[in-house]
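See below for the structure under consideration.
Pasting the structure below:
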């Protein structure tokens, strides 16, 4: 069977699509580049914003037009929260609920797909950690693979639909995490991105502990062979994770990239409380960063910011802008608040008008751009960087600080490898670099 997968949304969707891809190829199926060439098309949808749902719906419609004879399946978060609307789209054979998605790895054919009428509720209830979806990978279609360690969330932030789309928190067993990390490293990848829906709700059943305990044990298993030859990057962190213990773990790590991305959303305690995120405050984040900076040195700091939330007054907005500057963010992903039906925040009467939300988002993006330019200038002054090669010619990749590096010529190492490069300038939001080695006898990377 010829198949095509169209994936929208987050790193976890990308990971799960890769798992399905591997399983189907192992059955002898052939992946094709376009829906028109396929006998079966899977659209893996996203629901993080109303715009993401609209994009997902558009992707399903395109697949139906381009491949009218193909079996058309729809899965993912948008399909989970709006199954009926996707089932009504032209050409859709089945809407696969989250609880059945992993079973597609063993799916022998279209007749075994769950009926669209079964596309209801999330596959687990909040707090049920016993059920881990049967996804795993051996390699990745990109140079820097995602390693899924956690799924689901029970925080129920007032603006967020993710708990409805993903269910409650579940954590991957430590031995499975270690085994997959080793497989990916042995396949030639040299940067792994530890990812989850809410890493702050990761829990180890045996021997017990949280995300930081898992990270310590994972690194202990990998470091004897891979420290200095490969690296780990942390995906988005809930600010509630930013504890003294977390700072100590990062400071003592030999493999974690000096880069943190925090789902901050706001730096105003009142807005955070209204968002249902009173489990942290700006002072908690400041304390963590001060403790870490004293031991970790230079590192990149990014954040998600949601502005224009109902009840966010001018003072609360300015508090967030000032906080971005105070902590010297390297970059920020700024989103204007989007009213989502089915969320608590959508019912609040004190909604800001669209023009004001756009104005605030633009102001925060301008502030973030200035901070990013300053951080790039600091990196450009460094003698050397470590780049994970993502493109061979012209060379390009990601530095340990999560900044894109570009070369005028070919990359100094194969795609997936780590290479030493020397900054020579900036180019937009990227660093211009050159190979750090000086003669042909030096490789600049570990062939491992």
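In UniProt numbering, the protein residues as written are 1 to 448. Positions of the beta carbon are idealized from the N, C-alpha and C atoms, including for glycine.
Item                                                                                                                                                                                            : Value
Closest to residue 243 by C-alpha separation, out of 135, 183, 212, 413, would be which residue?                                                                                                : 212
Given this structure, state the Cα-to-Cα distance separating residue 418 from residue 190, to the nearest angstrom.                                                                             : 6 Å
Assign residue 51 to one of three DSSP states: helix, strand, or coil.                                                                                                                          : helix
Restricting to Cα atoms, I'd like to know which of 5, 44, 53, 55 is closest to residue 32.                                                                                                      : 5
In three-state terms, what does DSSP make of residue 351?                                                                                                                                       : coil
Check this for me: beta carbons of residue 423 and residue 407, under 8 Å apart or not?                                                                                                         : no
Leaving out five residues on either side along the sequence, give the residues of the same chain with a beta carbon under 8 Å from the beta carbon of residue 409.                              : 393, 394, 395
Please name the residue, chosen from 48, 72, 22, that lies closest to residue 42 on a Cα-to-Cα basis.                                                                                           : 72
On the three-state DSSP scale, how would you describe residue 427?                                                                                                                              : strand
Would a C-beta distance cut-off of 8 Å place residue 258 and residue 88 closer than the cut-off?                                                                                                : no
Considering Cα atoms alone, identify which of 227, 382, 303, 39 is closest to residue 264.                                                                                                      : 303
Considering only the alpha carbon of each residue, which of 299, 192, 323 lies closest to residue 285?                                                                                          : 323
Of all the beta strand (DSSP E) runs that stay within the bounds of the segment 126 to 185, which reach a length of 3 or more residues?                                                         : 146 to 148
Taking the beta carbon of residue 18 as the centre, do at least 16 other beta carbons fall within 10 Å, making it buried, or is it exposed?                                                     : buried
Does residue 16 pass the burial test, meaning 16 or more other C-beta atoms within 10 Å, or should it be called exposed?                                                                        : buried
Which residue's Cα is closest to the Cα of residue 170: 398, 137, 413, 99?                                                                                                                      : 99
Alpha carbon to alpha carbon, how far is residue 164 from residue 151?                                                                                                                          : 12 Å
One question on the structure: do residue 411 and residue 391 come within less than 8 Å of each other, judged by their Cβ atoms?                                                                : yes
Assign residue 157 to buried or exposed, taking buried as 16 or more other Cβ atoms, counted over all protein chains shown, within 10 Å of its Cβ.                                              : buried
Where does residue 10 sit, in a helix, a strand or coil, going by DSSP?                                                                                                                         : coil
Are residue 196 and residue 235 close, meaning C-beta to C-beta below 8 Å?                                                                                                                      : yes
Go to residue 253, then tell me how far its alpha helix (DSSP H) extends in each direction, as first and last residue.                                                                          : Here residue 253 belongs to no alpha helix (DSSP H), and DSSP marks it neither H nor E.
Could you check which residue in 136, 29, 143 has the C-alpha nearest to that of residue 388?                                                                                                   : 143
For residue 386, which residues from the same chain have a beta carbon less than 7 Å from its beta carbon, with the 5 sequence-adjacent residues on both sides left out?                        : 399, 400, 418, 420
Does the segment 319 to 336 touch the segment 354 to 363, meaning 3 or more C-beta pairs lie closer than 8 Å?                                                                                   : yes
With contact counted as at least three CB pairs below 8 Å, one residue from each stretch, are the segment 279 to 296 and the segment 334 to 347 in contact?                                     : no
Helix, strand or coil for residue 39, going by three-state DSSP, please let me know.                                                                                                            : coil
Answer yes or no: do residue 48 and residue 10 have a C-beta to C-beta separation smaller than 8 Å?                                                                                             : yes
How many whole angstroms separate the CB atoms of residue 365 and residue 50, which I take to be in contact at a CB cut-off of 8 Å?                                                             : Their Cβ separation, rounded to whole angstroms, is 20 Å, which puts residue 365 and residue 50 out of contact at 8 Å.
Sort out for me which residues DSSP pairs residue 385 with in a bridge.                                                                                                                         : 421
Identify, in the order they occur along the chain, each residue of the same chain with its Cβ nearer than 7 Å to the Cβ of residue 21, setting aside the five sequence neighbours on each side. : 5, 31
Going by CA-CA distance only, name the one from 342, 238, 371, 313 that's closest to residue 300.                                                                                               : 371
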